[in-house]
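See below for the structure under consideration.
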Amino acid sequence: MPRIYLNEYPFRSPEDEERKQGTLLAARLLAGAAFTAPKAGGVDQIEVEIVYGKAEQDAIANKMEELAKANPKNRLWKPMFKSEAVMVREADCILILGNFRAAQTPIDLACGLCGGVANCDRVYQARANRYGQIDLADSEPRGTIINGPLCCMRTTDFGFAIGSVLYLANRLFVDARPFMSVGVAARHLGYCPNSEIVVGIPLATLSKNPMVDILPDYHFFSRDRVIDSTRKTYVIARMVNWFDYRNWYPKEAEVPLRQLRRENPEEALKMAEAAEKEDESI
3 MPRIYLNEYP FRSPEDEERK QGTLLAARLL AGAAFTAPKA GGVDQIEVEI VYGKAEQDAI
63 ANKMEELAKA NPKNRLWKPM FKSEAVMVRE ADCILILGNF RAAQTPIDLA CGLCGGVANC
123 DRVYQARANR YGQIDLADSE PRGTIINGPL CCMRTTDFGF AIGSVLYLAN RLFVDARPFM
183 SVGVAARHLG YCPNSEIVVG IPLATLSKNP MVDILPDYHF FSRDRVIDST RKTYVIARMV
243 NWFDYRNWYP KEAEVPLRQL RRENPEEALK MAEAAEKEDE SI
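When you number the sequence shown by the working numbering, it's gap-free, plus one each residue, and the end is 284.
And the structure:
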């Protein structure tokens with residue numbers, strides 16, 4: 003059997019990619035936890051995508067940084083989206099969950115949980131519908147990050163699915179954290195295309211969880227930023243006045259005369275006689 007060496011450094015090295023394979027395997031198991039989570043009536047309503055790779059994760063992070071400017075009235079919005087974009091880049095992979103029934107097929111129990119009247123009319127009246135069927139493709143967007151209203155029974159089931167994922171992640175010792183911002187960006191990029199409500203869960207199996215203990219302005223103090231700054235500083239600092247490197251080698255240390263007398267008396271005597279002649283000439 004071939005040897006498989008795993009290490010989390012250097013980042014994106016072959017040994018780091020081998021380590022990430024374990025996280026990807028865990029992501030598949032976490033998707034199963036989302037599917038088996040309790041749901042009202044046992045009706046299927048969850049879709050899942052696993053995002054892996056630098057280009058794919060950078061695309062979601064870039065979209066998050068773009069959306070950071072979308073809500074200037076909220077002072078927490080911009081730093082939240084920008085810092086969480088860094089976490090997307092540092093994660094091993096991302097599990098994206100969506101609920102495809104919350105907007106299109108309410109549970110029709112007339113429960114009133116959404117705050118509407120009986121027969122789920124609040125959800126139906128907000129969208130184009132005919133013969134008791136909602137047509138999302140023909141419904142007008144509402145100008146919000148989530149095109150509501152949503153069936154609250156379905157969103158509760160969605161919460162159970164997310165909770166099941168996090169529970170199993172804890173049991174597998176995989177760092178995981180759900181983010182609304184990741185889900186919104188992923189939805190804009192076409193992930194979980196049948197769902198109006200989407201949540202992204204970055205996953206990692208690193209020595210330090212990249213999703214907790216975050217500094218203010220984390221997008222300035224993130225791992226990649228610090229490493230890039232060190233690279234810049236190193237290149238500049240090593241060019242010390244542009245001296246010829248061959249002149250920097252230190253001279254060989256001279257052997258003390260006392261030590262030379264013990265190890266080589268004849269050589270010590272010659273050195274002493276030469277020193278005397280030098281003194282006489284002066």
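Virtual Cβ for every residue (Gly too), placed ideally from N, Cα, C.
Query	Result
At least three beta-carbon pairs within less than 8 Å, the region 114 to 129 to the region 209 to 227	no
The region 128 to 142 in contact with the region 100 to 110 per 3-pair CB rule at 8 Å	yes
Alpha-carbon to alpha-carbon, Gly43 and Lys153	One point to set straight first is that residue 153 is Cys, not Lys, in the sequence displayed. The alpha-carbon atoms of Cys153 and Gly43 are separated by roughly 14 Å.
As assigned by DSSP and simplified to three states, the class of Cys122	helix
Helix, strand or coil at Glu10 according to DSSP, with G and I counted as helix	coil
Option nearest Thr157 by Cα separation, candidates Ser166, Ile199, Asp140, Arg179	Ile199
Rounded C-alpha distance that separates Val176 from Thr38	19 Å
Extent of the continuous beta strand (DSSP E) to which Asn101 belongs	95 to 101
Residue from Leu111, Ala72, Ala163 whose Cα sits closest to the Cα of Gly100	Ala163
Beta-carbon separation (whole angstroms), Ala35 vs Leu170, contact threshold 8 Å	4 Å
C-beta contact flag for Arg14 and Lys56 at 8 Å	yes
Which of helix, strand or coil DSSP assigns to Arg132	strand
Contact under 8 Å by Cβ, Leu97 with Val167	yes
N-terminal and C-terminal residue of the alpha helix (DSSP H) that Glu1 is part of	Any property of residue 1 remains undetermined from this structure, which presents the chain solely from 3 to 284.
Range of the contiguous alpha helix (DSSP H) that encloses Glu288	Residue 288 lies beyond the range of the chain shown here (3 to 284); nothing can be said about it.
DSSP state of Ala105 mapped onto helix, strand, coil	coil
Which of helix, strand or coil DSSP assigns to Gly44	helix
CA-to-CA distance, Asp226 to Leu111, given in whole angstroms	50 Å
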